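Note that the sequence shown ends on residue 415 in the numbering used here; no numbers are left out. The beta-carbon is built from N, C-alpha and C at its ideal position, and this holds for glycine as well. Keep in mind that this is a model prediction, so the values were computed, not measured.
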Amino acid sequence: MRDQVTNCIKNYFSNPSNAIRSCFVYDLQNVDKSCEELKEHLAPVANLYYAMKANPHTKVLSYLTQKAAISGVDVSSGGELILASEKWSADQLLFTGPGKSPAELELAVNSGIGLIIVESLTEAFRLNQVAQKRLRRQDVLLRINIAKELGGANLLMSGFSSKFGIDESAATNAAKVICQLPNLRFRGIHCYAASGFLRAEDVLAQFAHVLRFAAQLRRTGVPFDTLDLGGGFGIDYTEKEGELDIGSVGKGLAELIKTHGLGDCKIILELGRFVIGNAGVYCSEILDIKISEGKKHLIVAGGINHQRRPCATDSNHKVSIIGMHWEKIWSEQESVRAEVVDIDGPLCLAPDKLAWDVLIDKAEIGDIVIVHRSGAYGASMGATHFISHEPAPELFVPAI
Ligand SMILES: Cc1ncc(COP(=O)(O)O)c(C=O)c1O
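As structure tokens, then:
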């Protein structure tokens, strides 16, 4: 973490008039870094869309409009579509998600959106009706649920009985049906199969499967020109496993496209976590330290209402402490010295934890717990309304 970020955190928490004793801080230098890496290694092979579900903050969206690596945005609701439309033109947007309401489809068609990813034949027929009313021909991709067991990811969406897309075994026929719908234009296939890959060979194994299917689809006579391969690029939340080698992914993808004779297709990737995940930290003040049955619990001001990801995915992020050196509240208060502790939120719910069984060198009441790599699925995924605490402010370094 850079000194500027530490200073921003210390400034925020040394001011007692900041009544919300938690915040997110985003370091824009890390966004620059991930975008540069993507631009160098992947932009030559693929069009990179930002999956705004990872972090829809309006300042993040604005910042990304300036990044050459990012050519569009993946939205997954009418709300995201409205937000993204403030910064991007409609033809730079695509709409994913397994349950789009008729109103959302209307909104998308009316906006002139570039691509809608249809996830079932019912959705394709419904969209066809919407497009007919609007006298538009809507470009679509068909999402497939690939028949492949995937290794190396931490969240799977494909490769088993799934709500996402249409099973690979039924996809060729479904594509042929969609090609016959007069108000849709079948542009190709989409597959977002899993997230959290940290090894290039695992990412490439899923891409290889999808490209093989695409080549086969073409041989059956179905024409298309676009392939959205999803992505699922992970970040190393614990900082112990090593980062995904984007250079190898880019090189491997280029080779696969060549091997399968799909060089004439527009390739799309939808990335959220890789773009913004490393750029954010979640910070929360230690309100209390107590011992229960021999284990210490650090009770902090914010929990899963702000940062739900560790709990939701049952996996710790790296955590650290910033010392604030406040006066003691009473002489016998607990502190931590090289101990394995749990870090618990303030909510009346036992699983409300930021981290568990983590070794902490030194912590006092009033110090700040830092949950690293909280830039993606942090502020946007918190159980914000539960127990009506205030949302955590989101600060930017440098301030924008
Ligand atoms: C369809 C789709 N695209 C893209 C993403 C972004 O994934 P990540 O943030 O892991 O890159 C997701 C995440 O759930 C998704 O469901």
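Per DSSP, the continuous beta strand (DSSP E) segment holding V334 begins and ends at V334 to I337.
Beyond the five residues adjoining it in sequence on each side, A139 comes within less than 6 Å, by CB distance, of V133 and I193 in the same chain, given in chain order.
Spatial neighbours of L171 in its own chain (CB-CB distance under 7 Å, excluding positions within 5 residues in sequence) are listed in chain order as L165 and A209. A Cβ-Cβ separation of about 6 Å places V155 in contact with R202 under the 8 Å criterion.
Within the DSSP bridge table, the entry for K310 names S307 as partners. Collapsing the DSSP output to three states places K368 in a strand. Going by beta carbons, H404 and G265 fall outside the 7 Å limit. For E285, the shortest C-beta to heavy atom distance toward ligand 1 is below 6 Å. Where D18 is concerned, the enclosing alpha helix (DSSP H) starts and stops at D18 to S29. K48 is bridged by DSSP to nothing; it lacks a bridge partner. When the five nearest sequence neighbours on each side are left out, the beta carbons in the same chain lying within less than 6 Å of the beta carbon of L219 are those of G267, in order along the chain. Secondary structure of I193 (DSSP, three-state): helix.
In the DSSP assignment, K281 forms a beta bridge with T241. Of the heavy atoms belonging to ligand 1, none sits nearer than 6 Å to the Cβ of Y41. Set against 6 Å, the gap from the CB of T111 to the closest heavy atom of ligand 1 is smaller. Distance from the C-beta of D47 to the nearest heavy atom of ligand 1 is not below 6 Å. In this structure, L63 keeps its C-beta atom at 7 Å or more from the C-beta atom of A83.
In this structure, the C-beta of R288 approaches ligand 1 to less than 6 Å from one of its heavy atoms. Taking non-hydrogen atoms of ligand 1 into account, the C-beta of A215 is found less than 6 Å away from none of them. Taking C-beta separations shorter than 7 Å and ignoring five residues to either side along the sequence, the partners of H224 in its chain run I161 and K163, following chain order.
Collapsing the DSSP output to three states places F222 in a helix.
Runs of alpha helix (DSSP H) with 4 or more residues, each lying fully within the stretch 50 to 84, are found at 73 to 80, listed in chain order.
Remark: C-beta atoms of I261 and A391 do not approach each other more closely than 7 Å. At a threshold of 6 Å, Y297 does not count as near ligand 1, since its beta carbon sits no closer than that to any of the ligand's heavy atoms. Going by beta carbons, L76 and K48 fall outside the 7 Å limit. Relative to G360, the option among T399, A269 and R17 whose CA is nearest is T399. Nearest neighbour of S100 by Cα position, chosen from T80, L232 and K115, turns out to be T80.
In this structure D106 is exposed. Its beta-carbon is surrounded by fewer than 16 other beta-carbon atoms within 10 angstroms.
Where L122 is concerned, the enclosing alpha helix (DSSP H) starts and stops at P117 to S126.
For ligand 1, a non-hydrogen atom lies closer than 6 Å to the CB of G246.
Of the heavy atoms belonging to ligand 1, at least one sits nearer than 6 Å to the Cβ of A69.
Counting of Cβ neighbours within 10 angstroms places G114 among the exposed residues, the total staying below 16.
Annotated three-state conformation of L302 is strand, per DSSP. Residue pairing of Q153 in beta bridges, as defined by DSSP: L199. Boundaries of the alpha helix (DSSP H) around C326: R324 to T328. In the DSSP annotation of this structure, E164 is not part of any alpha helix (DSSP H), being labelled neither H nor E.
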